[in-house]
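Before any comments, here is the structure.
Residue numbers (this note's numbering), protein chains in the order written: chain A, 399 to 513; chain B, 7 to 117.
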């Protein structure tokens, strides 16, 4: 039973560029959430997708957008990259929405470095 | 707003001994869940234990147990018989309509 798969594992981008990160949820899960984890800190909630719609959003600017596909996989897009966007981006899948009550399965993350 | 606070940035423990990690939270929701996750150097978050807020009985999972004090909004994690593989960052999470992480506690198990 495959867990959560994220790609790529590492990425280096230049300021001002755009980036797309991808996430495939655990088999049987239909909800995908994205988190930004700066070095040495706890993850911060970006947004959650369920039934191909953004259902919840954290305190992140509109430069952060996403999408969920019919197969439940998801993309995180970040436009106009800033140095401060450098972080580990985690994807988590779960079953059901809106309550996060079944536990989450996390991917290993994408390490984004903006130079 | 929902907040989670972990007041111990780092804890060290000798192998086979017990360590307790503290977590306090604040939420306005009546129905919520609490979790402890560990994040080893491999980066992958691994579920350690889960507590449903409406249940008074403390959750246990092998060597891991929690002390859930709902009135005090406290949710501490006890690791018994610590093993070298327990070395990791530990995060406390509160989950209502949104998921909020604490800042994490780094646990180092020494041989």
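Cβ coordinates follow ideal geometry from the N, Cα and C atoms, glycine included.
DSSP places residue 493(A) outside both helix and strand once states are collapsed to three, so it counts as coil.
Sequence-ordered contacts of the stretch 46 to 61 of chain B with chain A read 48, 49, 50, 51, 53 and 56 [C-beta pairs closer than 7 Å]. Neighbours of residue 462(A) in chain B, taken as residues at a C-beta separation under 9 Å, are lacking, since the least C-beta distance is about 16 Å.
The continuous beta strand (DSSP E) containing residue 75(B) extends over residues 70 to 75. At the C-beta level, residue 506(A) and residue 407(A) come within 8 Å of one another.
Per DSSP, reduced to three states, the secondary structure at residue 428(A) is coil, with no helix or strand assignment. For the C-beta of residue 108(B), the chain A residues within less than 7 Å are, from N- to C-terminus, 440. Assignment of residue 87(B) by DSSP, reduced to helix, strand and coil, places it in the coil class.
Contact between residue 79(B) and residue 30(B) holds: their C-beta atoms lie close to 6 Å from each other, under 8 Å. The contact set of residue 454(A) on chain B, defined by CB atoms closer than 9 Å, consists of 103, 104 and 105 in chain order. Following the DSSP letters along the chain, one finds residue 29(B) in no beta strand (DSSP E), marked with neither H nor E.
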